[in-house]
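To keep things clear, I will list the structure first and then write my remarks on it.
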Amino acid sequence: MTTAFKLQSGDSLYIEDKFLESLYQILRKIGLSDTLKKNVWKIPQGRVGKIVAEDFEITVLPSINYLSPVDYLRLILHNEYEPKGTDDLLSWQKVENLSDVVISLFLDKLQKLSQIGIPRKYYTFSSYNSFQTGVTNYEVTYERYLLQNKPEFLNHSDCLSIDYPIVKVIKAAYVKVVSQRPTYYKPHISKMLRDVVEVKISNSFISRIEAYPCRTMVSLNQTFEMAKLILLDMNLTTGFDSGSMSLLINANDVFEKYVAKLLKAFFSREIIEYHENKKVSARSSTGKELESEPDILLKGARKIIIDVKNKNIDDFVSSSDFYQMVCYCKCFNAETAILIYPD
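Okay, so the sequence shown: first residue is 128 according to the numbering used here, each after it adds one.
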């Protein structure tokens, strides 16, 4: 019998001893093990999704009453998903386990890529040869000649290939899914990705990669977004045979990036800084030093501070949000500040 829990983002849950090890292992694999203290799991504010184990499951809903986990998934896809009708939209809104939807979308988009083809890009290929070709590194070549290392020539050549970072991430996600759920193996997708060299990909490597700002690469970019969720936020190795997998999306990050993308599209001629590590320090009443930074800084005809708040909004702005913006305006010499809430 499976024990089910349903909570909201930011809540705390007491975990019985019999569930403790399973939950710890799942949280460890998605980088959230530090949120479990003894028998209490403090759900990080902004995380939504579902934890699935052999004898329990935990559904984490948004703390915003009028949003569902699927709403954030649509933001990741930049609202490119269009419901096929009222029934389709309602079925999406009722989904609580995002992992099934994410993997389904990921495979569907890989299927589409296999039909239209992955765009090829030029990249520099380096090789040692016994003859000169392309652009030769004469310094290394001469050193190898003196040391009598064979072959002597280090040559660099530009070639068209699909073996570039975004596609490497996509292949890593596909390999992860198929290794745990062999039924998801698709021969034509594996054939499409066979020329992409498998490498161990770190979380920091994935986080540094940007999607291409090009309408012709929409399918590739959306597949990449699903691949990031699978690699960073999804745990597939729960140790039991289940069709569902654990997935916790960072909804705060999703909402912020969506707003930043919209602003860059609307104000394409302006300088928009998104989390440029420009922190403001302040000292609390207890003497503790606190650091904070505005989400977005718009530098146009006038400097505008924009802070994105992924939380319920009442009829008025909270005093903490108001004073935070006043502090930002003074520190960055800005006259205008905007708070953005989901609606």
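Ideal Cβ placement from N, Cα and C applies to all residues, glycine included.
Asked	Found
Per DSSP, the bridge partner or partners of Val187	Leu134, Gly176
Residue environment, Thr129, which counts as buried when at least 16 other CB atoms sit within 10 Å	exposed
Counted within 10 angstroms of its Cβ, other Cβ atoms place Asp235 as buried (16 or more) or exposed	exposed
Beta-carbon contacts of Leu159 that lie in its chain and below 8 Å, excluding the five residues immediately before and after	Pro171, Arg174, Leu375
Enclosing alpha helix (DSSP H) for Leu150 [first to last residue]	144 to 156
Per-residue burial, Asp422 [other beta carbons within 10 Å of its own, 16 or more giving buried]	buried
Those runs of the alpha helix (DSSP H) which lie wholly inside the segment 276 to 332 and span at least 4 residues	292 to 307, 314 to 319
Three CB pairs or more closer than 8 Å across the segment 184 to 197 and the segment 134 to 151	yes
Spatial distance of Leu216 from Val228 (CA atoms)	Caution is warranted here: a pLDDT of 45 is assigned to Leu216, below 50, making its placement in the model unreliable, and the coordinate value is therefore given only provisionally. If you take the alpha carbons of Leu216 and Val228, they lie about 13 Å apart.
For Lys248, the residue or residues it bridges with in DSSP	Ser288
Phe367 burial status per 10 Å Cβ neighbour count (16 or more: buried)	Low confidence applies to Phe367: its pLDDT is 46, below 50, so where it sits in the model is not reliable enough to give any reading.
Pairwise C-alpha distance: Asp448 and Gly212	Model confidence at Gly212 stands at a pLDDT of 47, short of 50, so the residue's coordinates are unreliable and nothing is read from them.
For Leu263: DSSP bridge partner residues	Per the sequence presented here, residue 263 reads as Thr, with Leu not at that position. According to DSSP, Thr263 bridges with Asn282.
Bridge-paired residues (DSSP) for Leu374	Lys177, Met361
Residue range of the alpha helix (DSSP H) that includes Asp235	225 to 243
Cβ-Cβ distance between Val296 and Ile245 below 9 Å	no
For Ser425, the nearest candidate out of Lys164, Tyr269, Ser373, Glu397 (CA to CA)	Looking at the sequence shown, residue 425 is not Ser but Leu. If we check each option's Cα against that of Leu425, Glu397 comes out closest.
Beta-carbon separation (whole angstroms), Ser373 vs Leu240, contact threshold 8 Å	That pair is no contact at about 26 Å.
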